[in-house]
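Protein chains in written order, with the working numbering: chain D, 1 to 310; chain G, 311 to 732.
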């Protein structure tokens, strides 16, 4: 089916404006041949990905516009499911209040070259201790042909290998966050806009959230986080993070002020898209409606708010 | 309540909260006793200093890291809470199942259970890197966090044990209250072990922990190791003349022990079979478990099975099972086996992390080891002092014939006492 015919068959909400999808042509144009070589290697891997959830299945069966409810927003149930959990009613002290958005991210593993630019940008933006021994984003070098974490490599040295594919993992800001359910003192919660935050002044350091997280997304400051004075981001806590758990906040200090996340901004291949699911014109809303997406450990029903596409 | 001298023929006995504290016994204690006490005090002090290091420098002094989120303290928590169960089961079986032969052990059993739970809780607290924020447990507990349940259960259970000990020593409320206390204590003990097992089992993020068998296996491991420890300490108390105990009591105790050991081993084998059976095997599970069958942890995990089988075989042998040496050896083997089981069980959650990355085996740092040893020494210290100061011997006239009893008499035929029930 040609692209034009495919578009005709889709309902209007499922049609992406030109230039906003991760089409292969657009992708190659934008990032050049080097990344394309990687992409060729990863496509077969993505074909084995678990199928998307029911909502996406409806979306992607675009040939049948007469499907009941096709005119409704297919993201409605995802948005409705992304409720605040253990929210104390006031925003975490280091952030602005949540807006009406429902934040989500889509990562194109076909475009990711494993350069770790996102990792470094995140470390700088979020005052991650330079000697703390962790980063919020962990990029896994995956073997082709399968999504098997056990054979993935975290400490790879050479990025962009055509015989591998690269898989960035971070806090998924799950709609059903096991970490929030597991915190004994409600020191972590899910805000109305879906961001899972930690109150560094309340965390008792029991590390149960790290046990409950299936994505290894939470990290503990075993040492006092050290950041060179010139590189400290004044908008992000630093000293109070000592001996508490921390993790990706979807750059709460940026995204609630109209900016995108540091990792999205830093990605040289445009593999990361961040935005508001309530906004039908946002990259993430369009991608979820138009592309076959999948989530890591979908079978755990944590309902992650980061989708992968490839 | 004030401490007052009571009119008694023995000097040094002070009556406080209804208990005759025999401080005079400490004065007459031999040099060996005091050497041991000072050793325990030194070890406890070292543990306190190690904790001070954690409080001032944070978690850096510990070997635990992001990939090995919990370590020594958690293995100890499971181990001690489990050991505490044995005391309670023995004590409860006196009142619930009429196992009169265990009655002389009642005070020791309850004291031991209380002390073990205490050091289990303290192990948890010394690991919390920001422990001074612990008040949030009371102010904003999260009801979906299993920690809230196991933590409060452990605290309640510890208090219950000490209240029980007081009831047993003072005789307040008589047999009726002791029975009613059992009716409370037994469900609380089961609740404590269930919630402790759930700290592991209720995590979908940790494949090898996420098993419904975890709860029954915790209960059997707890009772087996607890009874084994009680048997060991009963022999020690008998050796030093603190308690007078009959050989038939040890026979009953070791029969109970053998029964629970075999159930415990059975559940472990069931769990392993579920991991490896071809129609059930998941790559993530078998890969993780192979770390413990043939990988770096095999040296710690396989002994759990081997020691368990040897302990059971020792207690099952008809000709030798009445010998104290055999009973003590089997008990020590099984206590060691359960410690290794707790340690490897802790490691099962971390040997391969949630992102599939293999971790180097965890071994506690000096600070963690000193805290663990210090806590154990503190528990032993209290037990050692209590052996002299507290009247741990149950009064005999309540349950024994008035005739002189030959405590070392062999039971005619080593049959299972009718009161022994599981």
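Even glycine gets a Cβ: it sits at the ideal position worked out from N, Cα and C.
Since we're looking at a predicted model, the values are computed, not measured.
Show which residues of chain D have a CB atom less than 7 angstroms away from the CB atom of residue i.
i	result
residue 439 (chain G)	205 and 243
residue 667 (chain G)	154
residue 454 (chain G)	181
residue 457 (chain G)	184, 206 and 208
residue 594 (chain G)	150
Against residue i, what residues of chain G qualify as contacts under a CB-to-CB distance less than 8 angstroms, listed in chain order?
i	result
residue 210 (chain D)	376 and 379
residue 214 (chain D)	514, 515 and 664
Could you tell me the alpha carbon to alpha carbon distance between residue i and residue j, rounded to whole angstroms?
i	j	result
residue 436 (chain G)	residue 389 (chain G)	16 angstroms
residue 145 (chain D)	residue 192 (chain D)	38 angstroms
residue 647 (chain G)	residue 614 (chain G)	5 angstroms
residue 112 (chain D)	residue 255 (chain D)	22 angstroms
residue 351 (chain G)	residue 691 (chain G)	7 angstroms
residue 497 (chain G)	residue 399 (chain G)	11 angstroms
residue 699 (chain G)	residue 607 (chain G)	43 angstroms
residue 401 (chain G)	residue 391 (chain G)	16 angstroms
residue 325 (chain G)	residue 693 (chain G)	19 angstroms
residue 239 (chain D)	residue 674 (chain G)	27 angstroms
residue 534 (chain G)	residue 684 (chain G)	25 angstroms
residue 531 (chain G)	residue 571 (chain G)	7 angstroms
residue 342 (chain G)	residue 547 (chain G)	15 angstroms
residue 636 (chain G)	residue 643 (chain G)	10 angstroms
residue 68 (chain D)	residue 76 (chain D)	Per-residue confidence for residue 68 (chain D) stands at a pLDDT of 49, beneath the threshold of 50, marking its modelled position as unreliable; the derived number appears in the next sentence. Looking at the two C-alpha atoms, the distance is approximately 15 angstroms.
residue 431 (chain G)	residue 617 (chain G)	28 angstroms
residue 461 (chain G)	residue 136 (chain D)	30 angstroms
residue 477 (chain G)	residue 603 (chain G)	47 angstroms
residue 503 (chain G)	residue 245 (chain D)	27 angstroms
residue 38 (chain D)	residue 364 (chain G)	Low confidence applies here, because residue 38 (chain D) scores a pLDDT of 41, under 50, leaving its location unreliable; read the following figure in that light. Near 47 angstroms, if we compare the C-alpha coordinates of residue 364 (chain G) and residue 38 (chain D).
residue 47 (chain D)	residue 267 (chain D)	In this predicted model, residue 47 (chain D) has a pLDDT of only 42, less than 50, meaning its place in the structure is not dependable; the value taken from the coordinates is given anyway. The straight-line gap from Cα to Cα measures roughly 24 angstroms.
residue 98 (chain D)	residue 229 (chain D)	29 angstroms
residue 549 (chain G)	residue 634 (chain G)	12 angstroms
residue 194 (chain D)	residue 203 (chain D)	20 angstroms
residue 516 (chain G)	residue 423 (chain G)	30 angstroms
residue 425 (chain G)	residue 501 (chain G)	18 angstroms
residue 259 (chain D)	residue 94 (chain D)	17 angstroms
residue 662 (chain G)	residue 458 (chain G)	27 angstroms
residue 581 (chain G)	residue 523 (chain G)	7 angstroms
Starting from the beta carbon of residue i, find every residue of chain D whose beta carbon is closer than 8 angstroms, and list them in chain order.
i	result
residue 451 (chain G)	184, 185 and 186
residue 516 (chain G)	211
residue 370 (chain G)	222 and 223
Pull the bridge partners of residue i from the DSSP assignment, please.
i	result
residue 167 (chain D)	D:140
residue 668 (chain G)	G:662
residue 275 (chain D)	D:104
residue 386 (chain G)	Per DSSP, none; premise fails for residue 386 (chain G).
residue 308 (chain D)	D:107 and D:294
residue 246 (chain D)	D:219
residue 188 (chain D)	D:198
residue 153 (chain D)	D:141
residue 85 (chain D)	D:190
residue 378 (chain G)	G:375
Rounded to whole angstroms, how far is the Cβ of residue i from the Cβ of residue j, which I believe are closer than 8 angstroms?
i	j	result
residue 140 (chain D)	residue 215 (chain D)	No, residue 140 (chain D) and residue 215 (chain D) are not in contact; Cβ-Cβ is about 11 angstroms, not under 8 angstroms.
residue 181 (chain D)	residue 511 (chain G)	Incorrect: roughly 15 angstroms between the Cβ atoms, too far for contact.
residue 678 (chain G)	residue 382 (chain G)	5 angstroms
residue 519 (chain G)	residue 610 (chain G)	Not really, about 17 angstroms apart at Cβ, beyond 8 angstroms.
residue 172 (chain D)	residue 305 (chain D)	6 angstroms
residue 577 (chain G)	residue 526 (chain G)	6 angstroms
Which residues in chain D sit within 9 angstroms of residue i, going by Cβ to Cβ distance?
i	result
residue 597 (chain G)	150
residue 659 (chain G)	211
I want to verify the contact list: residues of chain G whose CB lies under 7 angstroms from the CB of residue i, in sequence order.
i	result
residue 202 (chain D)	443 and 446
residue 300 (chain D)	514
Taking only beta carbons into account, state which residues of the stretch 602-628 of chain G come closer than 9 angstroms to chain D, listed in chain order.
-> none
When you check each C-beta in the stretch 111-142 of chain D against every C-beta of chain G, which residues fall closer than 8 angstroms?
-> 133, 134, 138 and 140
Near-chain G residues of the stretch 152-183 of chain D (beta-carbon distance less than 7 angstroms), N- to C-terminal order | 152, 154, 169, 178, 181, 182 and 183
Identify each residue in the stretch 86-105 of chain D for which the Cβ-Cβ distance to at least one residue of chain G is less than 7 angstroms, and report them in chain order.
-> 86
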